[in-house]
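Asks: Got a structure for you, questions after.
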Amino acid sequence: MSGKGGVGKSSVAALLAVTLRQQGQRVGVLDADITGPSIPRMFGLHETPPMGPVGILPAETKTGIRVMSINLLLPDEDEAVIWRGPLVGGAIRQFWGDVVWGDLDVLVVDLPPGTSDASLTVMQSIPLNGVVLVTSPQDLAGMVVRKAARMAWQMKVSIVGLVENMSYAVCPKCGERIEVFGPSQAMGTAMQLGVPMLGQLPLDPELAHVCDTGAIEDYAVDVFEPIAAKITERASARPSTPIF
Ligand SMILES: Nc1ncnc2c1ncn2[C@@H]1O[C@H](COP(=O)(O)OP(=O)(O)O)[C@@H](O)[C@H]1O
Ligand SMILES: [Mg+2]
Numbered sequence: 077m078s079g080k081g082g083v084g085k086s087s088v089a090a091l092l093a094v095t096l097r098q099q100g101q102r103v104g105v106l107d108a109d110i111t112g113p114s115i116p117r118m119f120g121l122h123e124t125p126p127m128g129p130v131g132i133l134p135a136e137t138k139t140g141i142r143v144m145s146i147n148l149l150l151p152d153e154d155e156a157v158i159w160r161g162p163l164v165g166g167a168i169r170q171f172w173g174d175v176v177w178g179d180l181d182v183l184v185v186d187l188p189p190g191t192s193d194a195s196l197t198v199m200q201s202i203p204l205n206g207v208v209l210v211t212s213p214q215d216l217a218g219m220v221v222r223k224a225a226r227m228a229w230q231m232k233v234s235i236v237g238l239v240e241n242m243s244y245a246v247c248p249k250c251g252e253r254i255e256v257f258g259p260s261q262a263m264g265t266a267m268q269l270g271v272p273m274l275g276q277l278p279l280d281p282e283l284a285h286v287c288d289t290g291a292i293e294d295y296a297v298d299v300f301e302p303i304a305a306k307i308t309e310r311a312s313a314r315p316s317t318p319i320f
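Counted the way the working numbering counts, the sequence shown spans residues 77 to 320.
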């Protein structure tokens, strides 16, 4: 989660799923962003998932990641979902309770920006091992991520750590690292919050391209592997939260 939109929450959620799936884990992605769902697009999923005998089945990506998102249920990807909080919460609870996920090792939940209804429903209705905070180098993103952290504390959900996205770009000619948005604030933010810094991701046109073309499973995830390892280690060391 993050306080802000566009910092890369969905990209980080998808990369985490792809990395863990490549390691052979059984992975699901629950897209809790009801008004701005972007997970199906990243995985190139368009088909409405089938109805099973006891509930709706998740869609399956080409490498076998199970996905549920409101966008898979809309007649048209561009259709807007204009719902008030209770309906958004209801959809998320159904994605958790009524979708036949089967046996999973990991369920990654992608949240919308902010600390509103969807985040509240996820924290109240789904037993969580922890939240991963995503930020970008701009200070404003750091300020809003602190709000997300406060929400997690208030809801008694542990924070796995902080990922900084778009930290730098690598010059394709000379390999120099360029801090496009200025020096990173993430270490300072992580220390201030007392949460572990999980790693930094570069600004990479290839990542934007694979997200847009539904080919995130083809992305070379080596840059994400150390981050995924830290997330798995820290999240599995924590008990899941009770649900209300
Ligand atoms: N490290 C990155 N390098 C290049 N493009 C990125 C990177 N992270 C995210 N993007 C792109 O930026 C846009 C917003 O990312 P997204 O993950 O959807 O953000 P959020 O879920 O926080 O709103 C997407 O088009 C995505 O492909
Ligand atoms: Mg998103």
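Just so it is clear, CB atoms sit at the ideal spot from N, CA and C, and this is done for glycine as well.
1) In the stretch 185-250, which residue ranges form an unbroken beta strand (DSSP E) of at least 3 residues, counting only runs that do not cross its ends?
2) With burial defined as no fewer than 16 other Cβ atoms inside 10 Å of the residue's Cβ, what is the status of Val246: buried or exposed?
3) Measure the alpha-carbon distance for Ala224 versus Val210 and round it to whole angstroms.
4) Under 7 angstroms Cβ to Cβ from Ile303, same chain only, skipping five residues before and after it: list those, please.
5) Could you tell me whether the Cβ atoms of Leu121 and Phe171 are closer together than 8 angstroms?
6) Considering Cα atoms alone, identify which of Ala305, Ala89, Trp159, Arg310 is closest to Val185.
7) Go ahead and pull the three-state DSSP assignment for Leu107.
8) So, do the stretch 158-174 and the stretch 189-208 have three or more beta carbon pairs nearer to each other than 8 angstroms?
9) Around the C-beta of Ile158, are 16 or more other C-beta atoms found within 10 angstroms, so that it is buried, or is it exposed?
Replies: To lay it out plainly:
1) Runs of beta strand (DSSP E) with 3 or more residues, each lying fully within the stretch 185-250, are found at 207-211, 235-240, listed in chain order.
2) Counting from one through the sequence shown, the residue named residue 246 turns up at place 170. It counts as exposed.
3) Position 148 of the sequence shown, counted from the start, is the residue given in the question as residue 224. Position 134 of the sequence shown, counted from the start, is the residue given in the question as residue 210. For the pair Ala224 and Val210, the Cα-to-Cα distance works out to about 10 angstroms.
4) Against the sequence shown, residue 303 aligns to sequence position 227. Excluding sequence neighbours, Ile303 sits near Val239, Leu274, Gly275.
5) Walking along the sequence shown from the start, residue 121 turns up at place 45. Walking along the sequence shown from the start, residue 171 turns up at place 95. Pairing Leu121 with Phe171 gives a Cβ-Cβ distance that is not under 8 angstroms.
6) Residue 185 sits at position 109 when you count from the first residue of the sequence shown. Considering only alpha carbons, the answer is Ala89.
7) Taking the sequence shown and counting its residues from 1, the one referred to as residue 107 is at position 31. This sequence places Asp at residue 107; Leu is not what is there. Secondary structure at Asp107: strand, using DSSP grouped into helix, strand and coil.
8) yes
9) Against the sequence shown, residue 158 aligns to sequence position 82. That one is exposed.
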